Structure formats: C-alpha cells, structure tokens
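I have placed the structure first, in the form of structure tokens, so that the comments after it can refer back to it.
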Amino acid sequence: MDHPFVDLDFHEVPVEEMLRRSQEFHDEMSRRRSVRQFAARPVPQDVVERAVMTAGTAPSGAHKQPWSFVLVGDPDVKRRIREAAEREEKESYEHRMPPAWIEDLEPLGTDWHKPYLTICPWLVVVFQQTYGVDPASGGKRKHYYVQESVGISVGFLLAALHHAGLATLTHTPSPMGFLGEVLERPENERAYMLIAVGYPEVGCRVPDLQRKPPKAILSVV
Ligand SMILES: Cc1cc2nc3c(=O)[nH]c(=O)nc-3n(C[C@H](O)[C@H](O)[C@H](O)COP(=O)(O)O)c2cc1C
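In this note's numbering, the protein residues as written are 71 to 291.
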C-alpha cells in the first residue's frame with residue numbers, strides 16, 4: 071500500500087535566535103510552579119481547549135494518540151470529583167501511604183483536603199486509552215507505549231497552559247477509578263491525571279523547592 075508523505079513544515083532560525091529562544095523558554099518554564107491555592111476567577115474556555123489541542127500534537131507510539139481530555143467546568147461535576155478525590159485521599163493519607171511517603175510529602179504541606187478542585191474554574195481530566203476501538207467494527211486495536219505517550223502529551227499541556235499565563239496543579243488521587251465513573255468514560259479509558267487550571271489566588275505561596283542543577287541531571291558524552 072502506498073502511504074502519502076507531505077513536505078515538512080520546518081522554520082529554521084539563525085543560531086543567535088536559537089540561543090535566545092532556548093534561554094527565554096527555559097526562563098519561562100523555570101517560573102512554572104504547582105499551585106494549590108486558586109482564585110475562583112473565570113478563565114476563557116478557548117484558552118484551555120487550545121492547550122488541549124497543543125497536548126494533542128505530542129508524539130505517540132505508532133501515532134495512536136492514546137489520550138482523551140475532559141474539561142470540567144460544571145460546579146456540580148467538580149463537587150462530585152472533589153468529594154470522591156477527598157474520600158480516596160483521606161484513606162491514603164490515614165491508612166495507605168507508608169510513613170516514608172508521608173515524610174516525603176511534608177515539605178509540600180499537602181493533606182487530604184482538596185478545596186482547589188471546586189475553586190479553580192477548570193479541571194482537565196486526562197485519560198489514557200489502554201486500547202483503541204475501531205469506529206466501524208467496534209473491534210479492539212492495539213495501542214503502544216501508552217504511558218509514555220500520554221505523559222509527553224500532559225507535559226505539552228502543562229507547558230501550554232503555563233505559556234498562556236495560567237497556573238496548574240497535577241493531581242493524582244489514588245486510586246482514581248472514580249474519574250471514569252463520574253465522567254462516564256468508555257471501557258478502554260483509564261484515568262491518568264487530574265489537572266486543576268486557573269489563576270493563582272492573590273498572595274499564593276508555594277514550597278521553597280530547589281531544582282537539580284545541570285550537573286545532576288545532564289551528562290554529555
Ligand atoms: C505525576 C505527578 C503526580 C503528582 N501528584 C500530586 C498530587 O496528587 N497532589 C499534589 O498536591 N501535587 C502533586 N504533584 C505535584 C508535585 O508535588 C510537584 O510537581 C513537585 O512538588 C514539584 O513542584 P513544582 O511543580 O512546583 O515544581 C504531582 C506531580 C506529578 C508530576
């Protein structure tokens with residue numbers, strides 16, 4: 071079978087500009103922080119939708135694009151998600167997490183209360199499609215490197231939202247099967263991550279964390 075190819079849409083930039091852009095992007099991404107105190111102010115739906123479309127440009131195993139994103143703005147649905155998340159998180163903090171995990175979370179100041187899930191204007195719930203479904207036959211289709219692919223797309227999503235001027239929190243209530251139930255997702259989808267999106271509350275504070283220096287994360291051979 072002959073599969074079509076098209077010309078690559080590639081815009082080369084002079085090296086000077088490349089250096090400047092890489093520095094600017096690094097500076098911008100360095101300012102990204104996980105926010106747990108959100109303002110209730112509205113955020114245009116278009117901005118979040120476009121960030122999701124940016125997430126959808128991520129590479130994926132055999133181009134299966136094994137992801138779905140559900141934007142939740144409805145206060146009642148957010149309330150149901152918060153209630154279920156807090157139920158699971160309370161159980162986790164009080165009974166399921168080993169002491170070392172609780173200790174590792176201490177610098178972040180988190181606990182099972184998740185008020186931001188109802189305060190922030192948007193939740194983006196990310197689902198991984200463990201397999202595909204052929205629209206015509208309904209048959210199962212194999213997906214490859216699903217975790218890796220969805221992880222990359224979430225990275226794009228967080229970068230796009232930050233670039234647009236918004237704050238996010240990647241939240242992973244455990245277990246998070248309730249998200250598929252509340253949002254009535256199909257059989258082949260499993261909840262991957264819950265992302266709170268909005269403006270930070272005025273006076274928002276974040277943990278004073280240090281990022282690893284280049285020599286700790288980068289080797290050149
Ligand atoms: C896979 C993943 C799961 C996370 N789960 C939670 C979570 O459930 N609750 C939370 O408050 N933060 C969560 N975080 C946020 C991390 O705590 C945060 O990224 C880390 O402390 C570094 O802070 P920064 O994002 O401000 O650089 C998660 C981050 C990742 C990447």
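From the three backbone atoms N, C-alpha and C, an ideal C-beta is built for every residue, glycine too. Small disclaimer: the values here were computed from a predicted structure and weren't measured.
Beta-carbon separation (whole angstroms), Ala-132 vs Phe-226, contact threshold 8 Å: Residue 132 sits at position 62 when you count from the first residue of the sequence shown. Residue 226 sits at position 156 when you count from the first residue of the sequence shown. Not quite, the Cβ-Cβ distance comes to about 18 Å (not below 8 Å), so this is no contact.
Any non-hydrogen atom of ligand 1 closer than 7 Å to Leu-178 Cβ: Taking the sequence shown and counting its residues from 1, one reaches residue 178 at position 108. Yes, Cβ of Leu-178 sits closer than 7 Å to a heavy atom of ligand 1.
Taking only heavy atoms of ligand 2 into account, decide whether any of them is closer than 7 Å to the Cβ of His-233. Looking for ligand 2 in the displayed structure turns up nothing; the ligands present are ligand 1.
Three or more C-beta pairs under 8 Å: does that hold for the segment 230-245 against the segment 99-113? yes
As assigned by DSSP and simplified to three states, the class of Met-212: The count along the sequence shown starts at 1 and reaches residue 212 at position 142. Residue 212 is actually Lys in this sequence, not Met. Looking at Lys-212 - three-state DSSP - the assignment turns out to be strand.
Please tell me whether Ala-237 and Pro-270 are closer than 8 Å, where the distance is taken between their beta carbons. Residue numbering aside, residue 237 sits at position 167 when the sequence shown is read from its first letter. Residue numbering aside, residue 270 sits at position 200 when the sequence shown is read from its first letter. In this structure, Pro-270 lies closer than 8 Å to Ala-237 by Cβ.
Using 8 Å as the threshold, is the C-beta distance between His-183 and Glu-153 below it? Walking along the sequence shown from the start, residue 183 turns up at place 113. Walking along the sequence shown from the start, residue 153 turns up at place 83. Against a cut-off of 8 Å, the Cβ pair of Glu-153 and His-183 comes out as no contact.
With DSSP collapsed to three states, give me the class of Phe-139. Your numbering for residue 139 matches position 69 in the sequence shown. DSSP places Phe-139 in strand when its eight states are reduced to three.
Am I right that Val-276 and Val-113 are in contact with their C-beta atoms under 8 Å? What's the rounded C-beta distance? The residue you call residue 276 lines up with position 206 of the sequence shown. The residue you call residue 113 lines up with position 43 of the sequence shown. Actually they are not in contact, since the Cβ atoms of Val-276 and Val-113 sit about 19 Å apart, beyond 8 Å.
Quick check: the segment 247-263 against the segment 172-180, are there 3 or more CB pairs under 8 Å? no
Out of Glu-259, Gly-221, His-241, which one is the CA nearest neighbour of Gly-202? Residue 202 sits at position 132 when you count from the first residue of the sequence shown. Checked all of Glu-259, Gly-221, His-241; the closest Cα to Gly-202 is Glu-259.
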